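Protein sequences appear in the order of chains A and B. Quick note, our numbering runs 17 ahead of the 1-based positions in the first sequence. Quick note, our numbering runs 88 ahead of the 1-based positions in the second sequence. Just so you know, even glycine gets a beta-carbon here, dropped at the ideal spot from N, CA and C. Quick caveat, the model's predicted, so the values are computed rather than measured.
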Amino acid sequence: MSSQLQSIEVRVEGYRDVWVYCEHEEGKLTRATTEVIAGARKVAEKVGMKVVGVLMGYNLDDLLMEPIYYGADKVIYCDDQRLKDYQVLPYTTVLSEMILELKPWALLFVTSEIGKDLGPRVAYRTKTGLAADVIDLIVEDFVMNLPTGRYIYKDCIAQVRPDFATRIAKIFTPKHRPQISSVRPGNFTPLPRDERRSGDVVRWEPRFNDDDFQVEILETRKLPKSDVMLEEANVVISLGLGILRDASGRPRDPREAYRMAEELKRVVEEKFGVKVEIGSSRALIYAQLKELEGLITKDRQVGQTGKTIAPDVYIALGISGALQHRVGMQRSKKIVAVNIDPGAPIFQIAHYCVVGDLYDVLPRLIDELRSI
Amino acid sequence: MIVLLLTKAVPARTTRVITVGGVLRREEMDLVINPLDFKALQAADYAKRFNGGKLVAVSMGPDFKVKPLFNDLYLQPIEGIDEGYILSDRRMAGADTWATAYALALGVKKVLDVNRGAVDELISMVESGELPERVLQRARELYELNLIPNLLYTDKPGAPEGAVQRYAGGRSSREEVVEALKRVRVELERFLIVAGLKTSDGETGSTGPQTAEALSDLLGRRIPDITHVSWFEVDAETGTLIAERKTGSYYQKIRCSLPCLITILPDYRPEVPPVSRRKRARAFSYRSKSREVVVWNADAIEADPSLIGLAGSPTIVGPGIDIGGVPVQKFLGTTKVFTSKVEKFDFNGKTYGPFERFQKVEGLPEELIRELESKGLVKTFDLKDLISEVFGGVLAAAKH
Chain A
18 MSSQLQSIEV RVEGYRDVWV YCEHEEGKLT RATTEVIAGA RKVAEKVGMK
68 VVGVLMGYNL DDLLMEPIYY GADKVIYCDD QRLKDYQVLP YTTVLSEMIL
118 ELKPWALLFV TSEIGKDLGP RVAYRTKTGL AADVIDLIVE DFVMNLPTGR
168 YIYKDCIAQV RPDFATRIAK IFTPKHRPQI SSVRPGNFTP LPRDERRSGD
218 VVRWEPRFND DDFQVEILET RKLPKSDVML EEANVVISLG LGILRDASGR
268 PRDPREAYRM AEELKRVVEE KFGVKVEIGS SRALIYAQLK ELEGLITKDR
318 QVGQTGKTIA PDVYIALGIS GALQHRVGMQ RSKKIVAVNI DPGAPIFQIA
368 HYCVVGDLYD VLPRLIDELR SI
Chain B
89 MIVLLLTKAV PARTTRVITV GGVLRREEMD LVINPLDFKA LQAADYAKRF
139 NGGKLVAVSM GPDFKVKPLF NDLYLQPIEG IDEGYILSDR RMAGADTWAT
189 AYALALGVKK VLDVNRGAVD ELISMVESGE LPERVLQRAR ELYELNLIPN
239 LLYTDKPGAP EGAVQRYAGG RSSREEVVEA LKRVRVELER FLIVAGLKTS
289 DGETGSTGPQ TAEALSDLLG RRIPDITHVS WFEVDAETGT LIAERKTGSY
339 YQKIRCSLPC LITILPDYRP EVPPVSRRKR ARAFSYRSKS REVVVWNADA
389 IEADPSLIGL AGSPTIVGPG IDIGGVPVQK FLGTTKVFTS KVEKFDFNGK
439 TYGPFERFQK VEGLPEELIR ELESKGLVKT FDLKDLISEV FGGVLAAAKH
């Protein structure tokens, strides 16, 4: 049927360049920002456009060239005392005005507390679309079959994001510009920092609204640093309260299970060259077991009150899978569950179900993996 | 204080999602209230009990699906919501976050307008010299509709007499009643909108900030949003909110003027409002819960048809791509799988197949399974198979 439709090519004209909103902390671009610059390069080169780093803040002098060193062609910056700390209203005003005047073709944020706040507001104010949590960016035509014809929107960005468990979805913003996305950390490799790179650095003079300053920062506190990178791991091995007993009901030292999980982590990392991290259910963390002190910490918690993750493989060991846990991991691409109780709710969503004793299954699994 | 809770009905199981051309068919799925919205509900409930007022839930979705779920919101161990509004209209289906924010903002504005209208009506009645008995009668009607708080009119035993009641009884002056009415009117402008951090279906977390932006447009004043709030205190008396939120590798404590919108981190723990706030809270509270959930369509909220639903959505979801196949469950040691690709074949006059390697054996006659097993084409799923399926994919993904 669609072959009878008349093909109509649509190009949205008048917009150029791929902008990256550059987040910085303590005088440095964040790693995630350098990743997004690399993602922007991939797209910009495909369509023959430039990558523009957008910097906002106060006392930015030492930072101005950094986006260029990491792969941008140009920097637009707004340096103003009133932008010293991130605040949604003045930042939205400045960035929206830049967009409306300079007309970028695309604008990429990092998926972060700032990107997930500023991105949506700017997209609404500039009346364009936003794709959140994007994991890849691909330039392609978007085709829409309507009764009036087959509309081909040329050179759009397919903003790829995870969709319900085993699918990915491509989000398009065919008719509006800029195409705005927030890009999840861990999906692009930063380009090597190269101080020989050069490019234009352009200053932007801000104009604010009277009611942009309704928020006042009373206190700023640095969060304790965590080495646990659950969100970036390809494989997450999670432990639950089930590790406390084996199939016979005999109490087991939870350190035994933890050591096996670590062993599994090591083997998978070695064999497949992927990132593996150990996670935990809320119950195990809140049990505050002496044996697991310093091992199973709050930053390993997966679930509603912990982290929401979608690794390639999620291995749930002795986790019954309360709803609060499942919302934090149900988007994992492959879910393996090991549990003694065949009625455990985790088996409702697991793709690979092992009804059995983890103290028996785990050593066999590790041995099998070793023998590959 | 009016505290508005933005909430959404999401698919109960993400493994059984029905879409047509990338658009969720909510009306055909089992829905539940978005799990993170219960945190937002606790936060909103705390804000309401601290200040008095009412907790109003606003949601967009097919009303016959969402309405039953609102019962969960009324019946929380905490006080729960007092009023519920569902924006339901086929024309709103397929909305992305932009079009959702626009519709929600219109819904919020209408809730505010109705409440403002009630107080404004009383103010103009008193100021135009309407008979005190008439004012009293109207105040009683509005009170019974839960549109004015106990401060103005009350039937609560033991509560101080309402300002309009005192006025009608000749126990206070016109100036005093106008002052009380204006105090309530000011309070109505100091509303708080609370939303969950994100929904379990869209997972974007964009609708909160965008609703604040959309409402800013509609009200002609900038309404700030504070996302990722882990702790907050809000005082309608001073019109300020103090919140702690996470941003980057920092915690910030910030002060913000009302109205504003906050999204709540899952770590949030509600506190108990101090006893010293009780009197104030009672004065600004309303008569009762309105258990009749109100449904508004696009016309009722005066939505621009070009800005709602699919038509109003700048983003379009392209065709989804399966990256791991439909989730098929395999049980170690019990599930039978094909050991290799098997082309179409006939068995006892029926045609079967084709089957892929590792495909789960489902719905085949026992006899046939036994025969396939004897030929080595079907086997029981074991640990080796699990490893090759699970980690084979990881390897491919990592290389990609």
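Contact annotation for K467 (chain B) against chain A: no contact, minimum CB-CB distance about 16 Å [criterion: below 7 Å]. Taking the beta carbon of Q340 (chain B) as reference, the chain A residues within 9 Å of it are D102, Y103, I234, L235, E236, T237, R238, listed in sequence order.
In summary, N226 (chain A) is exposed, with fewer than 16 beta-carbon neighbours lying within 10 Å of its beta-carbon over all protein chains present.
Contact annotation: K136 (chain B) and V196 (chain B) have beta-carbon atoms that are not nearer than 8 Å. Nearest to D211 (chain A) by alpha-carbon distance, out of A:D90, A:V139, A:P362, is A:D90. About 17 Å separates the beta carbon of T47 (chain A) from that of Q340 (chain B), a gap too long to meet the 8 Å contact definition. Judged by their CB atoms, H193 (chain A) and G146 (chain A) are nearer to each other than the 8 Å cut-off. With 16 or more other Cβ atoms from the protein chains shown falling within 10 Å of its own Cβ, N122 (chain B) counts as buried. In the same chain as S345 (chain B), and ignoring 5 residues on each side of it, the C-beta atoms closer than 7 Å to its own belong to G327, T328, in chain order.
In the assembly as shown, S337 (chain A) is a buried residue. Its beta-carbon has 16 or more other beta-carbons within 10 Å. Here W122 (chain A) carries a coil assignment [DSSP, helix/strand/coil].
Identification of residues in the stretch 314 to 341 of chain B having a C-beta nearer than 9 Å to some C-beta of chain A yields I314, T315, H316, I330, E332, R333, K334, T335, G336, S337, Y338, Y339, Q340, K341, given in sequence order. With respect to the 8 Å criterion, V53 (chain A) and V37 (chain A) are classified as neighbours on the basis of their beta carbons. Interface residue (Cβ-Cβ distance to chain A less than 8 Å): L124 (chain B) is classified as such. Annotation: Cβ neighbours of S129 (chain A) in chain B (cutoff 9 Å, chain order): T335, G336. For D150 (chain A), the chain B residues whose C-beta falls within less than 8 Å of its own C-beta are E291, T292, listed in chain order. By the Cβ neighbour-count rule, T165 (chain A) is exposed, with fewer than 16 other Cβ atoms within 10 Å of its own. Close to chain A, meaning a Cβ-Cβ distance shorter than 8 Å, are the following residues of the stretch 448 to 476 of chain B: L471, K472, L474, I475. When only Cα atoms are considered, D125 (chain B) and G360 (chain A) end up about 27 Å apart. Under the 8 Å Cβ criterion, the stretch 370 to 379 of chain B counts as touching the stretch 225 to 244 of chain B, having at least three qualifying pairs.
For T185 (chain B), the nearest CB of chain A lies under 8 Å from its own CB, placing it at the interface with that chain. Scanning B:G246, B:P248, B:A183, B:V265 for the CA closest to the CA of M213 (chain B) turns up B:V265. L147 (chain A) is bridged by DSSP to A:I197. For F289 (chain A), the nearest CB of chain B lies under 8 Å from its own CB, placing it at the interface with that chain. With a threshold of 16 other beta carbon atoms within 10 Å, E455 (chain B) falls short and is exposed. Burial state of L382 (chain A) is buried, judged by a 10 Å Cβ sphere holding 16 or more other Cβ atoms.
According to the DSSP assignment, D434 (chain B) belongs to the beta strand (DSSP E) that extends over 433 to 435. Scanning B:L119, B:R179, B:A183, B:A189 for the CA closest to the CA of V146 (chain B) turns up B:A189. Taking all protein chains in view, the Cβ of F152 (chain B) is surrounded by fewer than 16 other Cβ atoms within 10 Å, so the residue is classified as exposed.
A straight line joining the alpha-carbon of D270 (chain A) with that of A354 (chain A) spans about 21 Å. Within chain A, H368, Y369, C370 have C-beta atoms less than 8 Å from the C-beta of K418 (chain B), given in sequence order.
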